[in-house]
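Peer 1:
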Amino acid sequence: METKLVVSSSPHIRASQSIRSVMIDVLVALFPAALAGVIFFRWGGFLTIILGMLSAMVTEAIILRKKNIFGDGSAAVTGLLLALVLPPIVPWWLVVIGGAVAITIGKHVFGGIGNNIFNPALTARAILTLSWVGYMVHWVRPIDLATSATPLAGASTSFYNLFVGAIPGSLGETSAFALILGGGWLLYKGHIDWRIPGGYIGTVFVMGTLLKSSGNLAGMLSAGIFHVLAGGVMLGALFMATDMVTSPVTPRGKLIFGIGCGVMTMLIRLYGVFPEGVTFAILLMNAVTPLIDKLTMPRKYGEVTS
Amino acid sequence: MSFKTFKGGVHPGHFKSATEKKPVVPARPPTMVVIPMAQHIGAPCEPLVAVGDEVRMGQKIGDSKGFVSAPVHASVSGKVVKIDKCNHALGRPVQAIYIESDGLDTWHEDVQPNHNYNDLTADELKKIIREKGIVGMGGATFPTHVKLSPPPDAKIDYVLINAAECEPYLTADHRAMLERPDEIIIGVQLVMKAVNAPKAYIGIEDNKLDAVEIMKKAAEGIAGIEVHALHTKYPQGAEKQLISVLTGREVPSGGLPSAVGCVVQNVGTCIAISDAVRFGKPLIVRNVTITGSAINEPKNMLVRVGTLIEEVIEQCGGFKPNIKKMVLGGPMMGLAQPGPENLPVIKGTSGILCLSEDEVQLQEIDNCIRCGKCVEACPVSIMPLFIGSSVEQGLYEKAEAYNAMDCIECGCCTYICPAKRPLVQWIRMAKGDIAAKRRK
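As they're listed, the protein sequences go chains A and E. For reference, each letter of the first sequence is one residue, going 0 to 305 in numbering that gives the first Met the number 0. For reference, each letter of the second sequence is one residue, going 0 to 439 in numbering that gives the first Met the number 0.
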């Protein structure tokens, strides 16, 4: 009997990792931040998270005509990321529209997963901000949910509150502690490279310390730390700028990208009209990602330099 | 003990436990052997015998005038019954000499020991190595005498012995080191003499520390030979990577190891060289690891070249019913075969890997998510993702600009890709296309 076997080109074994498993790891990494958001901002926060994820997943399932709404998990990640960068108290329809916009305009008009130029969640956030600016700058205090300004807009707070996240701000951006926990997990799993968050946070700290800060060293340093912990830098640096699809793939490119995000964020914060600049900084750097990749091709093995 | 390593690479499971503790057992003498005329990279051989001829074991039965070629020899004594095509590991049927064994294994008169092998000159050594059909036994089967003949202006500082056996599953080299260390050392000394190199480094991955110990003992007191334990990472045994790891030198793009004063030989080849020079025996047997989840009794065997794979499989208890893929070589770079029929073991057959149905799943190809894991894993620092998408769009020139021709085809990119993209396969397509254009 002639044996009939599969013939294919090597390699014949594959790592078990898949897009789905990577996305599940990202969801796990975002869990602490999401949990912190629910603890601080209560049912409103919980509802925003659920609606954001559902809206993104259902939109993707419709576009791809697939019954399994979880699919490769990327829509769930986009939906969750969007929810985490929205203000804690927003109308339910805003969240639903945001999720749909992220998946359609942010992702599928470019050809679906892997082809989008801009981070889908941030694209949606930018569109929502420009369309319903009133809702998008409505900030509340944690727990009692009373309207309040954010620390970046001048509200006073302590470094302790900034670290644990007991401050007004977007749903998932306030707790540096929860974000570092999740970011550390992604670093450990090898899904993100230290260069992007390192370049980003490092630049924000240096610029925060040196620019527009008060005289003595302690004051300057605390201004630097403040800029790192306040607002969306932690969430942006660890989860948004590190989005695989829209950030460079070369090691040097990643560092340049991170530094670029930091510079743009601080220029907007210190010299722009908005108190916060993470969203637009990252979107802007997304646009130059292909260029960065092209200019930072690694030196190949045995390259003859003449 | 330093565990040296290189940039990039991946960590597949080792899968060596099934056979690493099993001593090499001689396979049953075959009743018939099939000796393909092409068992090496380079010009195929022409038969030197005709149907009906009596041949003896070790007799040269095929040769070629080309420099980049190696003769083939009878691995049994008996009668030539047929000269016809047989299946070949590379996928294309090739001409082969079918010899029916008389069961006596009478050696041919050309097989004579060299009692004074230490007095042989470099040129005499190279001549013997060519005449005895020695080729690289790690799998690439490049004729050894060619490797030992670097350009006259190249000075060879190092002989590097690839004993990494970085392919998962394979244990043939590991067992050779445990069982025949002294022959390996003699082979290394002969190679050093052939290329006039003062030093030799033997590189062994640190998942084989017993082999490191034994080889260290065997090399003790021998001037110039050092044994190094290397970090276990694929592709540690790739020529360029091994050179970087052991000497810190980098082979220039498009160049040969001799350009940086190195000659790399596989550990199994050293045993073949020792056999050829000391005893006059041509390369007619080799260690083969028969393993995988779809074989009943995984084994390391000493198999004669020309033995049909069917017979080898049968001596290992046969396939399990769930067999789905049979690979000659290791899982990262080996060649999948449609079946074991009329397919002989050749000089480069380091392993027969039998994979079961659940290990051979057809993977759906997704879009690239630009995770960059292939860039991280690539040991030659090219960008598989961009080459892959260029090939997908038929843009071979773009693939060339992304350094497709520097690819060593180790397969790390395809292995690691979470989108299951066949990156190295695409790069191979690009290389074929670019090479064809360059020839024009």
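The C-beta atom is built at its ideal place from N, Cα and C for all residues, glycine as well. This structure is a prediction, so every number in the text was calculated from the model and none was measured.
What is the rounded straight-line gap between the Cα of residue 341 of chain E and the Cα of residue 35 of chain E?
Peer 2: Within the second sequence, residue 341 of chain E is the residue found at index 342, counting from 1. Within the second sequence, residue 35 of chain E is the residue found at index 36, counting from 1. Looking at the two C-alpha atoms, the distance is approximately 11 Å.
Peer 1: How close, in whole Å, do the beta carbons of residue 17 of chain A and residue 333 of chain E come, if the pair is a contact with beta carbons under 8 Å?
Peer 2: Counting from one through the first sequence, the residue named residue 17 of chain A turns up at place 18. Counting from one through the second sequence, the residue named residue 333 of chain E turns up at place 334. With 8 Å as the limit, residue 17 of chain A and residue 333 of chain E do not qualify as a contact, their Cβ atoms being about 24 Å apart.
Peer 1: State buried or exposed for residue 336 of chain E, treating a residue as buried only when at least 16 other CB atoms are found within 10 Å of its CB.
Peer 2: On the second sequence, position 337 is the one that residue 336 of chain E refers to. Residue 336 of chain E should be labelled buried.
Peer 1: Listed from N- to C-terminal order along the chain, which residues in the region 101-124 of chain A have their beta-carbon within a distance smaller than 8 Å of any beta-carbon of chain E?
Peer 2: Listed by position along the chain: 110, 111, 112, 113 and 114.
Peer 1: Could you spell out the range, first to last residue, of the alpha helix (DSSP H) harbouring residue 31 of chain A?
Peer 2: To locate residue 31 of chain A, count along the first sequence from 1; it is residue 32. 18-63 is the span of the alpha helix (DSSP H), which, as asked, contains residue 31 of chain A.
Peer 1: Check whether the region 196-206 of chain A touches the region 42-55 of chain A, counting contact only when three or more Cβ pairs, one atom from each stretch, lie closer than 8 Å.
Peer 2: The region 196-206 of chain A, when compared against the region 42-55 of chain A, does not touch it at the 8 Å Cβ threshold.
Peer 1: Which residue comes first and which comes last in the beta strand (DSSP E) that contains residue 219 of chain A?
Peer 2: Here residue 219 of chain A refers to the residue found at position 220 of the first sequence. Counting along the chain, residue 219 of chain A falls outside any beta strand (DSSP E), though it belongs to the alpha helix (DSSP H) covering 216-228.
Peer 1: How big is the Cα-Cα spacing for residue 288 of chain E and residue 87 of chain E?
Peer 2: What you label residue 288 of chain E is simply residue 289 of the second sequence in a count that begins at 1. What you label residue 87 of chain E is simply residue 88 of the second sequence in a count that begins at 1. Rounded to the nearest angstrom, the two C-alpha atoms are 18 Å apart.
Peer 1: Does the beta carbon of residue 243 of chain A come closer than 7 Å to any beta carbon on chain E?
Peer 2: Within the first sequence, numbered from 1, the residue matching residue 243 of chain A stands at position 244. Yes, residue 243 of chain A counts as interfacial toward chain E.
Peer 1: Mind pulling the chain A residues with CB within less than 9 Å of residue 85 of chain E?
Peer 2: For the purposes of this step, residue 85 of chain E is identified with residue 86 of the second sequence, where counting begins at 1. None at all; the shortest Cβ gap to chain A is about 15 Å.
Peer 1: State yes or no: is the C-beta of residue 240 of chain E within less than 7 Å of the C-beta of residue 5 of chain E?
Peer 2: By 1-based counting over the second sequence, the position of residue 240 of chain E is 241. By 1-based counting over the second sequence, the position of residue 5 of chain E is 6. Result yes, Cβ atoms of residue 240 of chain E and residue 5 of chain E sit closer than 7 Å.
Peer 1: I'd like the ranges of any alpha helix (DSSP H) spanning at least 4 consecutive residues and lying wholly in the region 104-188 of chain A.
Peer 2: Listed in chain order, they are 119-130, 132-135, 158-163 and 175-188.
Peer 1: Should residue 120 of chain E be labelled buried (16 or more other beta-carbon atoms within 10 Å of its own) or exposed?
Peer 2: Against the second sequence, residue 120 of chain E aligns to sequence position 121. By the 10 Å Cβ count, residue 120 of chain E comes out exposed.
Peer 1: Quick one: grab the DSSP three-state call for residue 240 of chain E.
Peer 2: As a first step, residue 240 of chain E must be located in the second sequence, where it is residue number 241. Helix, per DSSP.
Peer 1: Report the option in E/377, E/46, E/205 and E/131 whose CA atom is closest to the CA atom of residue 111 of chain E.
Peer 2: As a position in the second sequence, residue 111 of chain E is number 112, starting the count at 1. Measuring from the Cα of residue 111 of chain E, the nearest candidate turns out to be E/131.
Peer 1: Roughly how many angstroms separate the alpha carbons of residue 134 of chain E and residue 419 of chain E, rounded to a whole number?
Peer 2: As a position in the second sequence, residue 134 of chain E is number 135, starting the count at 1. As a position in the second sequence, residue 419 of chain E is number 420, starting the count at 1. So the alpha carbons of these two residues sit roughly 35 Å apart.
Peer 1: Give me the residue from E/78, E/56, E/373 and E/41 with the minimum Cα distance to residue 67 of chain E.
Peer 2: Reading the second sequence from its first residue, position 68 is the one you call residue 67 of chain E. That would be E/41, whose Cα lies nearest to the Cα of residue 67 of chain E.
Peer 1: Could you name each continuous alpha helix (DSSP H) segment of 4 residues or more that falls completely within the region 168-244 of chain E, going from the start of the chain to the end?
Peer 2: Qualifying alpha helix (DSSP H) stretches, in chain order: 171-178, 180-194 and 208-218.
Peer 1: With C-beta atoms as the reference, is residue 168 of chain E less than 7 Å away from residue 290 of chain E?
Peer 2: Sequence index remark: in the second sequence, residue 168 of chain E carries index 169 (1-based). Sequence index remark: in the second sequence, residue 290 of chain E carries index 291 (1-based). Closer than 7 Å, so yes.
Peer 1: Give me the Cβ distance between residue 349 of chain E and residue 171 of chain E, rounded to the nearest whole Å; I'm assuming they're in contact under 8 Å.
Peer 2: Taking the second sequence and counting its residues from 1, one reaches residue 349 of chain E at position 350. Taking the second sequence and counting its residues from 1, one reaches residue 171 of chain E at position 172. The pair is a contact, with the Cβ atoms about 6 Å apart (cut-off 8 Å).
Peer 1: By the 10 Å Cβ neighbour count, where 16 or more other Cβ atoms means buried, how is residue 238 of chain E classified, buried or exposed?
Peer 2: Sequence index remark: in the second sequence, residue 238 of chain E carries index 239 (1-based). When all chains shown are included, residue 238 of chain E counts as buried.
Peer 1: In chain E, what lies closer than 7 Å to residue 88 of chain A by C-beta?
Peer 2: Locating residue 88 of chain A in the first sequence gives position 89, counting from the first residue. Per Cβ cutoff of 7 Å: no residues; residue 88 of chain A is ~33 Å from chain E at best.
Peer 1: Along chain A, which residues have their Cβ under 7 Å away from the Cβ of residue 123 of chain E?
Peer 2: The count along the second sequence starts at 1 and reaches residue 123 of chain E at position 124. In chain order: nothing, as chain A lies at least about 34 Å away.
Peer 1: Going by DSSP, what residues sit across from residue 343 of chain E in a beta bridge?
Peer 2: To locate residue 343 of chain E, count along the second sequence from 1; it is residue 344. Answer is E/307.
Peer 1: To be precise: take each residue of the region 196-224 of chain A, compare its Cβ to all Cβ atoms of chain E, and keep it if any distance is under 8 Å. Which residues remain?
Peer 2: Per Cβ criterion, the list is empty.
Peer 1: Does the beta-carbon of residue 254 of chain E have 16 or more other beta-carbons within 10 angstroms, so that it is buried, or is it exposed?
Peer 2: Position 255 of the second sequence, counted from the start, is the residue given in the question as residue 254 of chain E. The residue in question, residue 254 of chain E, is exposed, as its Cβ has fewer than 16 Cβ neighbours within 10 Å.
Peer 1: Report buried or exposed for residue 207 of chain E, applying the criterion of at least 16 other Cβ atoms within 10 angstroms of its Cβ.
Peer 2: Here residue 207 of chain E is taken as the residue at index 208 of the second sequence, counted from 1. Buried.
Peer 1: Looking at C-alpha atoms only, which residue of E/116, E/265, E/178 and E/153 is the closest neighbour of residue 165 of chain E?
Peer 2: As a position in the second sequence, residue 165 of chain E is number 166, starting the count at 1. Checked all of E/116, E/265, E/178 and E/153; the closest Cα to residue 165 of chain E is E/265.
Peer 1: When you compare the CB of residue 15 of chain A with every CB in chain E, is at least one pair closer than 7 Å?
Peer 2: What you label residue 15 of chain A is simply residue 16 of the first sequence in a count that begins at 1. Not one chain E Cβ lies under 7 Å of residue 15 of chain A.
Peer 1: Which residue comes first and which comes last in the alpha helix (DSSP H) that contains residue 396 of chain E?
Peer 2: Residue 396 of chain E sits at position 397 when you count from the first residue of the second sequence. Start and end: 395-400.
Peer 1: Need the endpoints of the beta strand (DSSP E) that residue 79 of chain E sits in, please.
Peer 2: Within the second sequence, residue 79 of chain E is the residue found at index 80, counting from 1. That run of the beta strand (DSSP E) goes 77-85.
Peer 1: With a CB to CB cut of under 6 Å and the five nearest residues on each side skipped, what residues in its chain are close to residue 138 of chain E?
Peer 2: The residue given as residue 138 of chain E occupies position 139 in the second sequence. Excluding residues within five positions, the ones whose Cβ falls inside 6 Å are 328, 347 and 349.
Peer 1: Any chance you could list the beta strand (DSSP E) runs of at least 3 consecutive residues sitting entirely within the region 24-85 of chain E, in chain order?
Peer 2: Taking only runs of at least 3 residues, the beta strand (DSSP E) segments lying wholly in the region 24-85 of chain E are 31-35, 59-62 and 77-85.
Peer 1: Can you name the residues that DSSP bridges to residue 318 of chain E?
Peer 2: The residue you call residue 318 of chain E lines up with position 319 of the second sequence. Residue 318 of chain E pairs with E/294.
Peer 1: Could you spell out the range, first to last residue, of the beta strand (DSSP E) harbouring residue 350 of chain E?
Peer 2: Position 351 of the second sequence holds residue 350 of chain E. Per DSSP, residue 350 of chain E belongs to the beta strand (DSSP E) from 350-355.
Peer 1: Answer yes or no: the CB of residue 90 of chain E versus the heavy atoms of the ligand SAM, is any distance below 6 Å?
Peer 2: Here there are no bound small molecules, and the ligand SAM is not part of this structure.
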